[in-house]
Amino acid sequence: MPTDSIAPTEDVSPKADLPPVEELLSTAVEAVGGVERPGQIKMVQAVQHSIQSGDHLAVQAGTGTGKSLAYLIPSIRHAMTSKGAVVVSTATIALQRQLVDRDLPRLSEALAPQLPHEPTYAILKGRRNYLCRYKASAGWPDDEQDQLFDPREVSLTGRMVQRIQEWAQETETGDRDELVPGVNEQAWRQFSVSARECLGATRCPSGMECFAELARARAGESDVVVTNHALLAIDAMEDFPLLPEHEVVVVDEAHELVDRVTSVVTGELSETMVALAARRVGKLIEPHLGDRLVEAGEDLKALLAVAPAGRLDELPEVLGLTLALVRDSAWGCITALGPRMSSDKDDPEGAGLRKAAFTALDEVHDTAQRMLDAFGHAEEVDRAEVVWLETGTERRPPLLRVAPLTVAGMLRDKLFGDRTVILTSATLALGGAFDGLARQWGLGAKEGAKERSGWTGLDVGSPFDHPRSGILYVAKHLPQPGRDGLPEAYLEEITELIEAAGGRTLGLFSSMRAAKAATEALRDRLSVPLLCQGDDSTMLLVKQFSEDEPTCLFGTLSLWQGVDVPGPSLRLVIIDRIPFPRPDDPLSSARQRHVAAKGGNGFMSVAATHAALLLAQGAGRLLRSQHDKGVVAVLDPRLATARYAGFLRDSLPPFWPTNDPAKVREALRRLAAS
């Protein structure tokens, strides 16, 4: 069971001749010109204890704690004498780049004199992120899944393809993120392959100079390997390893782990995917077999075009017959292709065509079978997955999706089973406890796990004085939010708060529709500049917001977690409503029902936990440095009145609370005048 404190223990491991982590931390902090903080010291000791004991650790470390150093130092120390690397997984490219471009270079240089050798590090991404030299030179089958009807977009993609070709002649890494400005997915697909499509280094003519293989080689020789949650999940769940040998994993931004893993294991099926598989198998098999697959795809297209969107609790007979037809047609093509490994090593082009065909056919066959398997259970508790239909757009046809109702078992068995895992974020203790997320990670139950399945939860606090620096204002007097947009009372409240703050406001809305509606309604009422997500790239909007103090920025989900604006440009964070998932969201609603069927509280385990995470992340935008001050204003009165309000408030930083709008406006005016 988790505890809320860890006493540092004497290091009796083979690394005892190395300096203790406290000494290494002092060296590192001095080198970067920082100041050691109690929470940072507590965390570095806890991570070291976790690595020594083998117990997993969930550690909440508030903004400004210096958690990157706190987990990197014991990780590097462990890697010095272990046989494998330490893997650090993040959810965002921004944090990956911060670690590889800033934190690790400075840390390696600072610690080198005290360690056996200068620490080494590398970044490793999924194969799709690297340019494939063979595909770029040989030409593979047409991967186009979307038909572009706009000639301007065709021309734009063509220019991007030309730019990739020019970049391919000079790049040393082949890493897509180094291609600036970026390119769309359509252009990049023509130069990249997935792990399943890859011929392998020994069979590919470009294997010796493959960018993905070179990145893996660098990672295999490094002490610290920085990757992302998606690749971490794929590595844990696939039969073939993608990451170097490792026994310790650090999961930063761990509050996003479940969602990222769920995305990795979510399958989808549409007519265009079936058509792509048929095109890839093309002339490799008898025409009538490919035609049968095309016809099955057309049947699926016709059915999905008229079917209502949403969750499928029962399998309609006609859909079941269509899925079975798609599955069987794909299997017929797979069987006709013959052996998966061609005996002709001198025909890499033919091998590439066959591998691409197998990959597309396998995905169609396996996803169709998975969807059929999701139905037919006598009891809700026996159901493992949920299937739903998403309506199409101008650029994308309707498609079916299938996702697991929980990834806890996968994580428990595949990620936590034979590794020590340290999970960290500024937001992990929801409602004041780690248990909610621990259950989602699979750490709440012992069955099926190795004996070494203990875990500890630790909150090392924050260097910020939240009660003195920030106010949590809940507008208890407002009506409950409805489904018909923002009430006039909400617009008046937002106007008064922004005027009192002199602008300097980040508005976090539960939907893009609400953000745009608020922007349109308030631009004429306010005398300060008002930006809305979607007006320009998010990066440029945040830059403009941070550089011009009176400016306000309204937006939705990515702003809840992706904005770091210290200083006087941000004094007020407005949250329009508690960010529960939509009631008609297929996956979250199915997960709530499943938890309830097993005797749990589905609302609290799924919807309230989701809302608590986002609320805490949104409120965390306010204080980004020691000198920041301001107000988090939640307009939804349910945060003060609902039975679950205490759980949500306990998930937020400990700001000084009030429901008095006059006090809040006066505080904002004082800040604006200071």
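Quick note: the sequence shown, position 410, residue 409 per numbering that gives the first Met the number 0, numbers continuous. In this text, a Cβ means the ideal position worked out from N, Cα and C, and glycines have one as well.
Requested in this report: Report yes or no: do the region 86-95 and the region 190-209 share at least 3 C-beta pairs separated by less than 8 Å?
Outcome: No, they do not touch.
Requested in this report: Would you list the one or two residues that DSSP bridges to alanine 432?
Outcome: Leu429
Query raised in the report: Which of helix, strand or coil does DSSP assign to histidine 245?
Result: Residue state, collapsed to three classes: strand.
Report task. Mark phenylalanine 357 as exposed unless 16 or more other C-beta atoms lie within 10 angstroms of its C-beta, in which case mark it buried. Result -> buried
Report task. Report the three-state DSSP secondary structure of arginine 101 (helix, strand or coil). Result -> The three-state secondary structure of arginine 101, taken from DSSP, is helix.
**Report entry** Cβ neighbours of histidine 228 in the same chain (closer than 6 Å, five flanking residues each side left out)
**Finding:** Ser88, Ala90, Leu256 and Arg259
Query raised in the report: Just to confirm, are serine 25 and isoleucine 50 a CB contact at a threshold of 9 Å?
Result: no
Requested in this report: Please name the residue or residues paired with serine 424 in a DSSP beta bridge.
Outcome: Gln59
Query - cysteine 546 versus valine 564 - alpha carbon distance - result: The amino acid occupying residue 546 in the given sequence is glutamate; cysteine does not appear at that position. Cα to Cα, the separation comes out at about 9 Å.
Report task. Pick out whichever of Gly441, His626, Arg132 and Thr321 has its Cα sitting closest to the Cα of alanine 211. Result -> Arg132
Query raised in the report: Going by beta carbon distance, what residues of the same chain come within less than 6 Å of proline 528, once the five residues before and after it are set aside?
Result: Thr550
Query raised in the report: DSSP state of cysteine 54, grouped into three classes?
Result: Per the sequence presented here, residue 54 reads as aspartate, with cysteine not at that position. DSSP places aspartate 54 in coil when its eight states are reduced to three.
Query raised in the report: What is the DSSP secondary structure of tyrosine 129, counted as helix, strand or coil?
Result: In the structure shown, tyrosine 129 sits in a strand (DSSP, three-state: E or B).
Query - Complete beta strand (DSSP E) runs within the region 483-560 (minimum length 3 residues, chain order) - result: 504-507, 529-531 and 551-554
Query - CB contact flag (alanine 514, threonine 555, <9 Å) - result: yes
Report task. Use the C-beta contact count for aspartate 176: other C-beta atoms within 10 angstroms, 16 or more gives buried, fewer gives exposed. Result -> Per the 10 Å Cβ criterion, exposed.
Report task. Give a yes or no on whether the C-beta atoms belonging to valine 250 and leucine 507 are separated by under 9 Å. Result -> Going by C-beta atoms, valine 250 is not nearer than 9 Å to leucine 507.
Query raised in the report: What does a CB cutoff of less than 6 Å around alanine 615 pick up in its chain, not counting 5 residues either side in sequence?
Result: Thr426, Ser650 and Leu651
Query raised in the report: Cα-Cα, which of Glu379, Asp458 and Thr657 is closest to tyrosine 472?
Result: Thr657
Query raised in the report: CB valine 385 to CB arginine 581, shorter than 9 Å?
Result: no
Query raised in the report: Roughly how many whole angstroms lie between the Cα atoms of glutamate 285 and glycine 331?
Result: Distance between the alpha carbons of glutamate 285 and glycine 331 is about 10 Å.
Query raised in the report: Can you tell me whether serine 526 is buried or exposed, with buried defined as 16 or more other CB within 10 angstroms of its CB?
Result: exposed
Requested in this report: Please report how far the alpha carbon of arginine 280 lies from the alpha carbon of lysine 354, in whole angstroms.
Outcome: Checking the displayed sequence, the identity of residue 280 turns out to be valine instead of arginine. Their backbone Cα atoms lie some 10 Å apart in a straight line.
Query raised in the report: Nearest CA to the CA of leucine 569: which residue from Gly645, Gly502 and Glu196?
Result: Gly502
Query raised in the report: Contact check, histidine 364 vs arginine 400 under 8 Å by CB: the rounded distance?
Result: Not really, about 17 Å apart at Cβ, beyond 8 Å.
**Report entry** Start and end residues, beta strand (DSSP E) containing tyrosine 120
**Finding:** 120-122
Requested in this report: Determine which residues share a DSSP beta bridge with proline 403 and list them.
Outcome: Glu384
Report task. Work out the CA separation of leucine 667 and glutamate 492 for me, nearest whole Å. Result -> When rounded, the distance between both Cα atoms is 14 Å.
Query raised in the report: Where DSSP assigns a beta bridge to isoleucine 470, which residues make up the other side?
Result: Looking at the DSSP assignment, isoleucine 470 forms a beta bridge with Val630 and Trp655.
Requested in this report: Give the C-beta separation of alanine 350 and leucine 198 to the nearest angstrom, bearing in mind that I take them to be a contact with Cβ-Cβ under 8 Å.
Outcome: 6 Å
Query raised in the report: So who's on the other strand from leucine 268, going by DSSP bridges?
Result: Leu399
Query raised in the report: Any idea if phenylalanine 678 is buried or exposed, counting beta-carbon neighbours within 10 angstroms, 16 or more meaning buried?
Result: Given that the chain is displayed from residue 0 to residue 673, the structure contains no residue 678 and the question cannot be resolved.
Query raised in the report: Distance, Cα to Cα, leucine 540 vs lysine 662?
Result: Rounded to whole angstroms, leucine 540 to lysine 662 spans 31 Å at the Cα level.
Report task. Consult DSSP for leucine 577 and reduce its assignment to one of helix, strand or coil. Result -> The residue you asked about is not leucine; residue 577 is isoleucine in the sequence shown. Correct three-state label for isoleucine 577: coil.
Requested in this report: Report back the beta-carbon spacing between proline 396 and threonine 265 to the nearest angstrom; my notes put them in contact at under 8 Å.
Outcome: Not a contact, Cβ separation roughly 17 Å.
Report task. Determine the contact status of alanine 121 and alanine 218, defining contact as a CB-CB distance below 9 Å. Result -> Cβ distance < 9 Å, so alanine 121 and alanine 218 count as in contact.
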